[in-house]
Amino acid sequence: MGRFKLAHLSDLHFGKIGHPGIVDALVDEVNQGNVDLVAISGDLTQRARDQEFAAASAMLDAIRPPTLVVPGNHDVYPWWKPFHRVFDPLAPYRRYISTETAPTFEVDGVSVLGLNSAYGRTIKGGRIGSDAREALSNYFAGRDASVFKIVVVHHHLSRIEALGSHDIVRNATDTLNRAANLGVDLILCGHLHVSHIEPVDVIPAEHRLVIASAGTATSSRGRGPNRETNFYNVVSVGSDDFSIEERRFDTALERFVTDLETRFERAFE
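When you line the sequence shown up against my numbering, it's residues 67 to 335, in that order.
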């Protein structure tokens with residue numbers, strides 16, 4: 067396989083954009099970055115308002131590479147619309163962004179699956195439903211170990227000690243175990259607004275996968291060490307290794323710069 071390149075964006079939060087020009091800077095960089103896929107792991111909006119979804123849709127239209135998008139908990143109807151939130155939580159998302167809640171992308175040597183973890187019956191933690199878990203099993207089952215397997219989901223499937231106390235999605239253990247048993251190499255998520263890369267050993271599968279938690283790409287809602295800081299990730303996959311570059315928005319330069327790059331050898335099992 068040739069070198070595959072993916073831009074991982076998360077937590078755009080249109081309605082709470084952090085810096086004038088940051089959206090255009092991000093789109094320009096992605097379009098000029100020789101990227102094969104742009105994966106967006108949820109929370110495109112702040113309050114699921116029509117104008118916020120319209121702005122997010124305009125950004126997606128401006129991105130030239132293919133996109134794979136999943137919703138986040140901020141993309142469901144807010145709590146003050148309880149009927150819509152419970153019975154049709156993702157109606158605006160489907161209208162403006164996509165009707166597909168388990169999107170896929172496939173090129174030679176790389177398979178990518180998006181999972182929906184955003185539901186109106188949860189507050190912010192989310193859940194992975196049985197349909198999403200079945201989609202995970204069905205999509206990756208039978209794929210050769212040489213295929214690099216990526217899951218894109220908004221919420222976290224495991225607790226990461228370095229991120230402090232944080233919620234994980236309902237049905238996380240089953241989902242993570244399935245992913246490990248299916249040989250998933252990389253999970254791209256967001257939700258916490260902190261950029262962090264960490265390998266995780268999943269027992270009893272005895273499989274190492276890597277969690278890439280992206281910071282907020284464009285909003286003013288950074289947290290902890292990333293307060294008021296914007297990040298996105300660039301994933302580069304080769305035949306023997308892969309790397310994740312955390313790119314930080316420099317407000318003085320008005321562009322993204324490399325903050326840290328982490329390289330992993332691929333695990334063939």
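Using N, Cα and C, we set each Cβ at its ideal position, and we do this for glycine too. Predicted model only: the values in this text are computed from it and were never measured.
Compare the C-alpha of residue i against each of the options and name the closest.
i: Gly81; options: Gly191, Asp197 and Asp141; result: Asp141
i: Ala201; options: Glu166, Glu294 and Asp127; result: Glu166
i: Leu72; options: Arg236, Phe119, Asn237 and Glu312; result: Glu312
i: Arg225; options: Cys255, Val89, Ala211 and Ala157; result: Cys255
i: His257; options: Ile83, Asp94 and Ala278; result: Ala278
i: Ala121; options: Ser212, Tyr162, Asp210 and Ser302; result: Tyr162
i: Leu326; options: Val301, Asp154 and Ala318; result: Val301
i: Val213; options: Phe334, Ala228 and Leu156; result: Phe334
i: Leu156; options: Thr328, Ala114 and Ala228; result: Ala114
Excluding the 5 residues preceding and the 5 following residue i in the sequence, name in chain order all residues of the same chain whose CB lies nearer than 7 angstroms to its CB.
i: Gly87; result: Glu320
i: Glu331; result: Asp306 and Asp307
i: Arg209; result: Ser177 and Lys215
i: Ser164; result: Val135
Evaluate residue i with the Cβ neighbour count: other Cβ atoms within 10 Å of its Cβ, from every protein chain shown; 16 or more gives buried, anything less gives exposed.
i: Thr324; result: exposed
i: Ile269; result: exposed
i: Gln112; result: buried
i: Phe297; result: buried
i: Ser76; result: buried
i: Glu118; result: buried
i: Ala280; result: buried
i: Arg160; result: exposed
i: Arg293; result: exposed
My understanding is that residue i touches residue j, with C-beta atoms under 8 angstroms, so please give their C-beta distance in whole angstroms.
i: His74; j: Ser285; result: Not confirmed; about 16 angstroms, so no contact.
i: Val136; j: Val218; result: 6 angstroms
i: Val89; j: Met125; result: 6 angstroms
Sorted by chain position, which residues of the same chain lie with C-beta nearer than 8 angstroms to residue i's C-beta, five sequence neighbours on each side aside?
i: Pro291; result: Val260
i: Ala91; result: Phe315, Glu320, Arg321 and Phe322
i: Ala267; result: Note on residue identity: the sequence assigns Asp, not Ala, to residue 267. Result list for Asp267: His273 and Arg274, in chain order.
i: Asp116; result: Pro158 and Tyr162
i: Gly230; result: Gly290
Looking only at its chain, what residues have a beta carbon closer than 6 angstroms to the beta carbon of residue i, apart from the 5 residues adjacent to it on each side?
i: His273; result: Ala246
i: Phe206; result: Lys215 and Leu248
i: Leu179; result: Thr170, Tyr205 and Val217
i: Leu252; result: Ile216 and Val276
i: Asn139; result: Ala184, Lys190 and Gly192
i: Thr328; result: Ile263 and Ile310
i: Glu95; result: Phe322
Inspect the beta-carbon positions of residue i and residue j and report whether they are closer than 7 angstroms.
i: His222; j: Ser107; result: no
i: Ser24; j: Arg244; result: In the structure as shown, the chain begins at 67 and stops at 335. Residue 24 is therefore absent and cannot be evaluated.
i: Thr239; j: Arg199; result: no
i: Arg130; j: Asn97; result: yes
i: Ala184; j: Gly192; result: yes
i: Ile310; j: Ile234; result: no
i: Leu103; j: Pro132; result: yes
i: Val93; j: Ala128; result: yes
i: Val303; j: Phe70; result: yes
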